């Protein structure tokens, strides 16, 4: 897919899902129980069917974007701050940056996703901790990516020139390093969005973080899994499709950004 | 853990530079020793992490275990029971003392020893994870090589489209989709009741692997049942990982195909089969690194797959420990997975040194 098309498709899809979650008026409430409408298949009335307690799956699937996406985006923002600041910091040639990298190795060898479960449980299912969990799981990758580019940029002539002309470290970082890392940071942020959404969904699938009755795709899929094996496919399929669409949107945006940056670079070098 | 979250973390690269002029054999030996020398240090780090994970947040742990509305007496009682009321140094001393005797602690809830608890569940997890990884490697490498070979053409585009769709699917979706189609619609796979159907009794324990044990006991029906229960979870682990591995292989192999030595090999008139082989040789260190990262991520079991298929392996056990906040279980799990991860990365370093003499492991 051409870069501009992936960008366009990805961001449109994501925007539609987010805006629908926030503003789309719904016929049924997302947490309204209806004992007369239990486990109904999709119909003109209930587009996505109903679950085993008679909640409208369309309303729940749409409204889940209200919690899941902001959490994923918040977590991504945290990971980005951590990744950019951390990545720039450890790109310095000092000795401690090497030590931090070794520490990061050890940290990443831990079963992070599993450990974040404990983190969220300890905080009494505070959903802010879900965003922190996202940052902990994806932050280290982010730091590595930023660092790997920063150590290349660091060796450039213009950085040398800036330092020679007496620019402060802060100025070099903000005015000279950061703009040259923009492409990598943008692409990595989109990619982190996909991972973030996965972490949010995995946690609520396991049963921590966003828990019912608040609609969230992960928990809805877990709930629907039990019905799936008896043939009621809709309770798991629609939240699954929503999650899939969002993750693929983030990936498309990341692909588009990366391709665009790659093309500009090759056009610039010739 | 899901495939997309599993991008390879580079293995811990040790310091140490080969002295110029020493013979290759001695050089390798020096590197080997240097690599092994940092093992105790890394081990200590894992132990400390597992300790401080719980020890540094004592109040909230006990409060969370006791639940909301618990009396301060109850919280104090839990703190005392877990030894969290003692000074930190004393706690660490006691912890290290227990570890020295191979005692990873006792579960706060079930009163079971943590290490035996892990070890009895390990065969179930390995029986699932090993075939899953093998499938991922075979499929992913073949898939990526085809993509790299036909770079830019229809075959490549198709392979990439399937790959990116699969990568955007969380593992639980893949698993549920397989369950619905293969179990419910087609009826080809058994219900997700764990490692065996309810009517079958586990074979007498020799290795803990049901497939092996049933054969040893001569129970072919149980063997077939065990294999049938393995198919879907193995696919659930293998397919998403294969997609990630395919992307990595495609990138490295594709580069090798467009590189100078592939061109040279073709100019020499070598058969295409051989050109492909050379390209794979070029890509194998990258692939190996990723596979090691996967193994490391999987030793703790694949919690989500184990939950979907009710596998009762290490992963499911760990998730239970986390959600019920069982401190010894959390510590034991971290210690166990941390140690195995460490060993896997050491094995990776040694293996890549053996197969790729260009790697001197002095930087990354």
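Protein chains in written order, with our numbering: chain A, 1 to 270; chain B, 1001 to 1364.
All C-beta atoms in this analysis are idealised placements derived from N, C-alpha and C, irrespective of residue type, glycine included.
Please read these numbers as outputs of a predicted model, since none were measured by experiment.
- prompt: Exposed or buried, what is residue 1047 of chain B when buried is set at 16 or more other beta-carbons lying within 10 Å of its beta-carbon?
  reply: Buried.
- request: Please confirm whether residue 1032 of chain B and residue 1235 of chain B have their CB atoms less than 8 Å apart.
  value: Residue 1032 of chain B places its beta carbon 8 Å or farther from that of residue 1235 of chain B.
message: Taking only three categories from DSSP, how would you classify residue 1113 of chain B?
response: Residue 1113 of chain B: strand per DSSP, three-state reduction.
field: Residue(s) in a DSSP beta bridge with residue 1106 of chain B
entry: For residue 1106 of chain B, which the question treats as bridged, DSSP gives the partners B/1113.
- prompt: Residues of chain B with a CB under 9 Å from the CB of residue 11 of chain A: which are they?
  reply: Here the premise fails: no neighbours, minimum Cβ distance about 15 Å.
Residue 1261 of chain B classed as buried or exposed, judged by whether at least 16 other C-beta atoms fall within 10 angstroms: By the C-beta density criterion, residue 1261 of chain B is exposed, having fewer than 16 other C-beta atoms within 10 angstroms.
- request: Less than 8 Å between the CB atoms is what I'm expecting for residue 183 of chain A and residue 253 of chain A, so what's the real figure, rounded?
  value: About 13 Å; that fails the 8 Å criterion.
message: Can you give me the C-alpha to C-alpha distance between residue 1125 of chain B and residue 1202 of chain B, rounded to a whole angstrom?
response: Answer to the nearest angstrom: the Cα atoms are 15 Å apart.
- prompt: Which chain B residues are close to residue 251 of chain A, counting only those with a beta carbon under 9 Å from its beta carbon?
  reply: Simply 1004, 1164, 1167, 1168.
- prompt: Opposite residue 56 of chain A in the DSSP bridges: which residues?
  reply: Bridge pairing for residue 56 of chain A: A/50 [DSSP].
query: Should residue 7 of chain A be flagged as near chain B, meaning a C-beta pair shorter than 8 Å?
result: Output row for residue 7 of chain A: interface = no.
query: Among B/1088, B/1237, B/1226, which has the Cα closest to the Cα of residue 1054 of chain B?
result: Nearest to residue 1054 of chain B by alpha-carbon distance, out of B/1088, B/1237, B/1226, is B/1088.
query: For residue 1349 of chain B, which three-state DSSP category applies?
result: Annotated three-state conformation of residue 1349 of chain B is helix, per DSSP.
message: Rounding to the nearest angstrom, what Cα-Cα distance links residue 146 of chain A and residue 109 of chain A in this structure?
response: Cα to Cα, residue 146 of chain A sits roughly 20 Å from residue 109 of chain A.
Residue nearest to residue 1168 of chain B in terms of C-alpha spacing, selected from A/71, A/141, A/192, A/155: The residue among A/71, A/141, A/192, A/155 with its C-alpha nearest the C-alpha of residue 1168 of chain B is A/192.
- request: Report back the beta-carbon spacing between residue 65 of chain A and residue 18 of chain A to the nearest angstrom; my notes put them in contact at under 8 Å.
  value: About 6 Å separates the beta carbons of residue 65 of chain A and residue 18 of chain A, which is inside the 8 Å limit, making them a contact pair.
query: Taking C-beta to C-beta, are residue 1254 of chain B and residue 1151 of chain B nearer than 8 Å?
result: Result yes, Cβ atoms of residue 1254 of chain B and residue 1151 of chain B sit closer than 8 Å.
message: Taking the beta carbon of residue 1264 of chain B as the centre, do at least 16 other beta carbons fall within 10 Å, making it buried, or is it exposed?
response: Per the 10 Å Cβ criterion, exposed.
query: What is the rounded straight-line gap between the Cα of residue 218 of chain A and the Cα of residue 1172 of chain B?
result: Each residue's Cα considered, the two are about 9 Å apart.
- prompt: Does the Cβ of residue 128 of chain A have 16 or more other Cβ atoms within 10 Å, making it buried, or fewer, making it exposed?
  reply: The residue is exposed, with fewer than 16 neighbouring Cβ atoms inside 10 Å.
- request: Please say whether residue 1104 of chain B and residue 1335 of chain B have beta carbons closer to each other than 8 Å?
  value: The Cβ atoms of residue 1335 of chain B and residue 1104 of chain B sit closer than 8 Å to each other.
query: What alpha helix (DSSP H) runs, 4 residues minimum, are completely inside the region 149-209 of chain A?
result: With a minimum length of 4 residues, the continuous alpha helix (DSSP H) runs that stay inside the region 149-209 of chain A are 157-164, 182-206.
- prompt: Should residue 1182 of chain B be flagged as near chain A, meaning a C-beta pair shorter than 8 Å?
  reply: By this cut-off, residue 1182 of chain B is not an interface position.
task: Could you tell me whether the region 217-232 of chain A touches the region 191-206 of chain A, where touching means 3 or more Cβ pairs closer than 8 Å?
output: Taking 8 Å as the limit for Cβ pairs, the verdict is that the region 191-206 of chain A does touch the region 217-232 of chain A.
query: Whole alpha helix (DSSP H) runs in the region 1270-1303 of chain B with 4 or more residues, listed along the chain?
result: Listed in chain order, they are 1272-1298.
Cβ-based contacts, 7 Å cut-off: residues of the region 220-245 of chain A near chain B: Considering only beta carbons, the part of the region 220-245 of chain A lying closer than 7 Å to chain B consists of 221, 225, 228, 229, 231, 233, 236, 240, 243, 244, in chain order.
- prompt: Mind checking if residue 212 of chain A is an interface residue toward chain B, Cβ cutoff 8 Å exclusive?
  reply: No - not a single Cβ of chain B is within 8 Å of the one on residue 212 of chain A.
query: Of all the CB atoms in chain B, is at least one closer than 8 Å to the CB of residue 69 of chain A?
result: For residue 69 of chain A, no CB of chain B lies under 8 Å from its own CB, so it is not counted at the interface with that chain.
- prompt: Nearest CA to the CA of residue 1067 of chain B: which residue from B/1323, B/1244, B/1328?
  reply: The shortest C-alpha separation from residue 1067 of chain B is found at B/1323.
message: Measuring alpha carbon to alpha carbon, tell me which residue in A/93, A/143, A/229, A/61 is nearest residue 181 of chain A.
response: The candidate whose alpha carbon is nearest that of residue 181 of chain A is A/143.
query: Are the C-beta of residue 1243 of chain B and some C-beta of chain A separated by less than 8 Å?
result: Taking Cβ atoms only, chain A never reaches closer than 8 Å to residue 1243 of chain B, which makes this a no.
message: Comparing C-alpha positions only, which one of A/140, A/88, A/25 sits nearest to residue 274 of chain A?
response: This structure gives no information on residue 274 of chain A, because the portion of chain A shown stretches from 1 to 270.
task: Kindly say whether residue 1154 of chain B, judged by its beta-carbon, lies nearer than 8 Å to any beta-carbon of chain A.
output: So no, residue 1154 of chain B is outside the interface.
- prompt: Between which two residues does the alpha helix (DSSP H) containing residue 1160 of chain B stretch?
  reply: Residue range 1154-1167 is occupied by the alpha helix (DSSP H) that includes residue 1160 of chain B.
task: Examine the Cβ distances between the region 117-135 of chain A and the region 152-171 of chain A and report whether three or more of them are shorter than 8 Å.
output: Because the criterion of three Cβ pairs below 8 Å is not met, the region 117-135 of chain A and the region 152-171 of chain A do not touch.
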